[in-house]
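**Student:** Please see the structure below; I have some questions.
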Amino acid sequence: MTLKRKERQLAAIVWFNLGMGIYNIYIFHIEYIIFNLAIGVLNIGVWAFLRNEELRLAYIKNRKNN
């Protein structure tokens with residue numbers, strides 16, 4: 021699999037994480053279950069750290085080297 025294809029797949033996963041994070045925080049707002057807040061914060065954290073193309077490429081290259 022090429023590096024560009026891996027980067028595009030990771031980008032889609034990162035945006036999906038943002039959507040799931042917002043949804044989990046919305047569910048927390050309605051039901052006040054701490055689990056939903058924790059999962060929502062983690063999902064948004066993944067988006068925050070991997071939202072740039074350069075960061076995603078560095079992450080993929082680092083995973084490839086290990």
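Numbering (our numbering), first residue to last: 21 to 86. For every residue, glycine included, the Cβ atom is placed at its ideal position computed from N, Cα and C. Since the structure is predicted, the reported quantities are computational estimates derived from the model, not experimental observations.
(1) Could you check which residue in 33, 72, 27 has the C-alpha nearest to that of residue 63?
(2) Tell me which residue opens and which closes the alpha helix (DSSP H) that residue 80 is part of.
(3) Let me know the secondary structure DSSP gives residue 45 once reduced to three states.
(4) State whether the stretch 74-84 contacts the stretch 50-60, with contact taken as three or more CB pairs (one from each stretch) at a distance under 8 Å.
(5) Taking just the CA atoms, how far does residue 35 sit from residue 41?
(6) Whole angstroms are fine: how far does the CA of residue 31 sit from the CA of residue 97?
(7) So what's residue 53 in DSSP terms, helix, strand or just coil?
**Tutor:** Judging by the given coordinates:
(1) The residue given as residue 63 occupies position 43 in the sequence shown. It is 33 whose Cα lies nearest to the Cα of residue 63.
(2) For the purposes of this step, residue 80 is identified with residue 60 of the sequence shown, where counting begins at 1. Boundaries of the alpha helix (DSSP H) around residue 80: 73-85.
(3) Taking the first residue of the sequence shown as position 1, residue 45 is located at position 25. Of the three classes helix, strand and coil, the one that applies to residue 45 here is helix, per DSSP.
(4) no
(5) In the sequence shown, counting from the first residue as 1, residue 41 sits at position 21. In the sequence shown, counting from the first residue as 1, residue 35 sits at position 15. Each residue's alpha carbon lies about 10 Å from the other.
(6) The chain is shown only over 21 to 86; residue 97 falls outside these bounds and no answer can be derived.
(7) If you number the sequence shown from 1, residue 53 lands on position 33. The answer is coil: DSSP assigns residue 53 none of H, G, I, E or B.
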